[in-house]
Structure formats: structure tokens, C-alpha cells
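Worksheet: one structure, shown below.
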Amino acid sequence: MYVGSRHASNVVSVAKSWLPILILGLGCNQLMMSEKESNLESADLVEARFPLWLSVLGKIELHRDGDLCQYDDNQTPKLQTSAFENLIEMLLILLKKGCPRILDAVGVVILAGLEVALKRAEFSLVFGLVHFTCTKMFGNGSAPLEELELTSYSLQKIYQWIEQDLRDHHSNKDGRHQLEGAHSLIQSLL
């Protein structure tokens, strides 16, 4: 939904003060569950109602950098997302400054969405979310992956699934290209 730049800037200024609460809301299920429970339930929770914001986030990553457009199999037109991008940038700053446990919990939520996209064979979304996760969330200036147990476990699991999918040749040429890109990004973190 595009509301215009004036309204979007109002939304950003109002939402900015609520971002810490939003972050805790995103990760609260992960923070309250034991490690075994969270690994079993996170993808199921996301799959039941796949959040629109995860789809938008994946598409933004594909279109933000012109070089990544090659990974978009749908060639979606330019999105009007500057307000959302601003919120995501602020969210990343808060996550990186905050407690690694909260970063870990939010990372697992995003990786659960990535897992669902992988099951649905939405490979451009997989690549977009992997790019966001590996370069923005856990790239430069983030907590070491060793401190993020749940995220590390989820990334290793997704990495193995991508390897399996690449071996089994279940994807078309574009899908394979996207999976190879996602595979190399995850490999650079692990």
C-alpha cells in the first residue's frame, strides 16, 4: 500500500519510538521458548500466515542493489518502499546495538520465513532474505555467529537444504542461480 511520501514520513517518525517494542514482539516467541521448542515451531508459525513484510523485505533486497535484480525471477517493478526501508535500517541499528539474544531471536523469525520460502520454491524470495540476513543482519558489526546459537543452527539447516536442492536439481535454471547465490552467501558466514 502506497500512502504518499508525506504520510510515509509521519509513519516513520511515529513508528521510530515503537521500534524497540516491535523488535521484542518479533522475537518474543523465540525468547520464551526452549531451544528445542523454538526450532520445531517457528517455521510452522510463519507458514500458517506468511507475513507480508517478509516478502517485501526479500523484494527490497533484490531491487535495492541493481546487481541483485538478476536474481528476481518475477522482475517485479520498482517498489515504493522508502519508509519501510528506513524502518528496517533503524531496526537493524537497534538490533546490532542491543542484546545478542534478541538479535538471535529476531534472526530465527526471519530464517523461519526463509525456510517457508524454500519449501514453497520461491527462490528469488529465498535469495533476497538470505542476502538481507547475511549482509545486513549478521554481516559487518554484528554479534559473532557463535553467540547466536539459534540463528547459527537455523542457518546450517537451511544451508544443508539448499545443498540438497542443488544436488537434486529440483529447480529451473533461474532457481538454481538464485540458490547458488544464497548458498555462497550462507557459506561466507558459516
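Numbering (the UniProt record's numbering) for the sequence shown: 1 to 190.
Glycine residues also receive a C-beta, built at the ideal position from the N, C-alpha and C atoms.
Quick caveat, the model's predicted, so the values are computed rather than measured.
- Within the same chain, no residue comes within 8 Å of P144 by CB-CB distance, once the 5 residues on both sides are set aside.
- When the beta-carbon positions are compared, L62 and G113 stay at least 8 Å from each other.
- With a 10 Å radius around the Cβ and a threshold of 16 neighbouring Cβ atoms, H131 comes out buried.
- Contact annotation: T133 and L111 have beta-carbon atoms nearer than 8 Å.
- Taking the C-beta atoms as reference points, L148 is found no nearer than 8 Å to Q30.
- The region 86-102 and the region 9-26 touch, with three or more beta-carbon pairs separated by less than 8 Å.
- Taking each of L189, E122, Q156, W161 in turn and checking the Cα distance to L54, the smallest one comes out for E122.
- For F123, the enclosing alpha helix (DSSP H) starts and ends at 123-131.
- Bounds of the alpha helix (DSSP H) holding C28 are 19-32.
- S154 and K119 have their C-alpha atoms roughly 14 Å apart.
- Residues L155, Q156, Y159 of the same chain have their beta carbon placed closer than 7 Å to that of L190, with the five preceding and five following residues left out of the count.
- Cβ neighbours of A117 within its own chain (closer than 6 Å, five residues either side excluded): L125, V126.
- For H169, the secondary structure class from DSSP, reduced to helix, strand or coil, is coil.
- Bounds of the alpha helix (DSSP H) holding A105 are 100-119.
- The Cβ neighbour count for E115, taken over all protein chains shown within 10 Å, is at least 16; the residue is labelled buried.
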